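Enquirer:
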Ligand code: ADP
Ligand code: MG
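Residue numbers (my numbering): 997 to 1699.
1) Hey, residue 1700 and residue 1590: beta-carbon distance below 8 Å or not?
2) Taking the alpha-carbon positions, what's the residue 1086 to residue 1066 distance?
3) Could you tell me if the beta carbon of residue 1144 falls within a distance shorter than 7 Å of some heavy atom in the ligand MG?
4) Determine the direct distance from the alpha carbon of residue 1525 to that of residue 1488, and round the result to whole angstroms.
5) Can you find a CB in chain C that lies within less than 8 Å of the CB of residue 1356?
6) So residue 1465 is in the beta strand (DSSP E); what residue range does that whole segment cover?
7) So residue 1382 is in the beta strand (DSSP E); what residue range does that whole segment cover?
8) Could you tell me whether the Cβ atoms of residue 1147 and residue 1160 are closer together than 8 Å?
9) Should residue 1313 be listed as close to the ligand MG, given that the test is whether its C-beta is under 7 Å from any heavy atom?
10) When the distance is taken between beta carbons, is residue 1351 closer than 8 Å to residue 1384?
11) Mapping DSSP to helix, strand and coil, what is residue 1599?
12) Exposed or buried, residue 1228, counting other C-beta atoms within 10 Å across all chains shown (16 or more means buried)?
13) Output the boundary residues of the beta strand (DSSP E) element that contains residue 1391.
14) Quick test of your reading: residue 1389 and residue 1428, contact by CB under 8 Å. State the CB separation rounded to the nearest angstrom.
15) Identify whether residue 1072 lies in helix, strand or coil by the three-state DSSP scheme.
16) Report buried or exposed for residue 1567, applying the criterion of at least 16 other Cβ atoms within 10 angstroms of its Cβ.
17) Kindly indicate which three-state DSSP category residue 1022 falls into: helix, strand or coil?
18) Give a yes or no on whether the C-beta atoms belonging to residue 1519 and residue 1478 are separated by under 8 Å.
19) What residue range does the beta strand (DSSP E) around residue 986 cover?
20) Could you give the distance in angstroms between the alpha-carbon of residue 1702 and the alpha-carbon of residue 1237?
21) Is residue 1545 near the ligand ADP, with its Cβ less than 7 Å from a heavy atom?
22) Can you pull the DSSP bridge partners for residue 1079?
23) Would the beta-carbon of residue 1319 fall within 8 Å of that of residue 1403?
24) Does DSSP put residue 1046 in a helix, a strand or coil?
25) The ligand MG and residue 1561: does any heavy atom of the ligand fall closer than 7 Å to the residue's C-beta?
26) Under the three-state reduction of DSSP, which class applies to residue 1030: helix, strand or coil?
27) With which residues is residue 1087 paired in a DSSP beta bridge?
28) Buried or exposed: which applies to residue 1432, given that a residue is buried once 16 or more other Cβ atoms fall within 10 Å of its Cβ?
29) Rounded to a whole number of angstroms, what is the C-alpha to C-alpha distance between residue 1585 and residue 1630?
30) Measuring from the CB of residue 1307, is there a heavy atom of the ligand MG at a distance below 7 Å?
Right, dumping it as structure tokens:
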């Protein structure tokens, strides 16, 4: 392998490579100088396999190294970037196995300290005396002014390339053995290799209308911007392109779906009427409205693709049951898919109950069901009318005799591939997706733009919002006393922990097995407890849930396996251990397991948040009870990249996702996509040549 210094000293090397075999965008990274099998493995961890991947590995941010702060100008609280030489370095041993590096840094103007807690070794290695480096961090104090654990990057004698200093430098997401400077060098090499050969991806007309910079300039400027404005423009162009592509795919798919013939279901048949008679309650206005929307779609000749959105506990299942009844009335079969075995089992029971005396056979198919082969034969023969299951439903060899409707519960939990597999089955069934809105309103249209949308915006009557409290350590016993009082009054509780067993070892996390062992033999010994987690087999899980639903268990210790969908109206208390280790939408889902009856329910958050952000998250969570609001808050707190559903929907490039800071860009891209397809429904314009196949691949998504 050629070392970095050699490589820079000998640019001829690059030209020789080019003459031998001209690398193209699709060449593997090993076509680049200095990339052997080992380095290419490390790059693969970042999803970088080709030259194109490298060029599209956009920076997560930048550091302005055009000018450095003189050390003497730094004052407490400033965020500074300094370029200094290590004058003295001490590796301080501390108690336990800890160590700390204490450095004195010097530039022409003076000195300042830098400390690295837990990384004493730096003082004798990377940052030993004499080394020159760039440090970036907030000025704090430690025996005078000091940078504590700053980001740093060593300046090498060979840094004459104007790549790492003296400019705005890109900062990348890194992996094992891959450093910032290595990525910068590789990307700069890749850029010069493909120089002038990058085909423009957007038609001129679109670029002009949206005032977007050409692709080549964007790729250069996004990595090595001349000014902050140039970086911003480049990002805007690349993000817009990414979102536009997805939007075009989604809308293209939608228009083609609507042109295909689907099933015209017969509405108002016997099963539907019977269902209404058997309901123990009347539907809310919102449930009535969305049911009508769904039935109207089903009664129409084009295939339905509808998303039913509604907060946890709003009653989506019964709406789905109406759609199912309509399909059954026409002699069709129904597939109902749930993301977990636990939920599949619960829903199986619900539908068995609702359709039982109508002679409709309901079956359950999950990964742990015995006799699956025989069951599949019955499904194929049409003897099973409703098949409920996990994604095992659509794996190897399930075929339906006459599939008329597919319902996907908690659809945001399924990956794109799973959803695609589902619609590839059978004819052109109507599809109803259901989700408890972990997605902010501003993103919904973009993510699910290919579907029609129905929203349930009210809860069934009599529900009281769940009261949510952060519990300080000295009050935790009070929670357990409360659980016992609730148990005595006939109500049930959940205690949720982040881990199954202690050997998974994440620091400061409670393992549900230990917690269960301790509490059920201790403070909670007088009530009936049980333990549930994902490692139990399907039968065991089912047995425990049946006992819990039947009121034979007072306190259920669990992991997040109960997160989605589980419905036990007599459960009134949810205790979440290490609450700060869960995201907002996950907390909301967990809290949604209680407050499903008319009783006042409580959610207690235990554990001390390690970060400011964690504290803020819990504070927000205590104050908000609407899933819509929480999703918006989550978007603000974490950015769209982390919001669930975003990646699955084709926003798989974490950078593009991170860059979308609000809904405006999404909205603009959607508007543009609509007008592009109005003018050119097949995207026949040569300007789409490069993107056309990508757009079609998005349109294969089962969205
Ligand atoms: P989700 O929308 O979270 O899937 P479910 O469908 O599980 O919610 O419904 C939550 C609970 O509310 C269930 O126990 C269900 O029986 C009950 N429920 C649904 N609709 C109504 C209604 N109109 N009136 C009273 N209770 C209802
Ligand atoms: Mg549900």
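C-beta: ideal position from N, C-alpha, C; glycine also. Please read all numbers here as calculations on a predicted model, not as lab measurements.
Expert: Let me lay it out:
1) The displayed coordinates of the chain run from 997 to 1699. Any statement about residue 1700 would go beyond what the structure contains.
2) 23 Å
3) no
4) 10 Å
5) Within the model displayed, chain C is absent; a lone protein chain is all it includes.
6) 1463-1466
7) 1382-1385
8) no
9) yes
10) no
11) strand
12) exposed
13) Note, residue 1391: premise wrong, no beta strand (DSSP E); not H, not E.
14) Contact doesn't hold; Cβ gap of about 15 Å is too wide.
15) coil
16) buried
17) coil
18) no
19) In the structure as shown, the chain begins at 997 and stops at 1699. Residue 986 is therefore absent and cannot be evaluated.
20) Since the displayed the chain opens at 997 and closes at 1699, residue 1702 lies outside it and no answer follows.
21) no
22) 1130
23) yes
24) strand
25) yes
26) coil
27) 1097
28) buried
29) 14 Å
30) no
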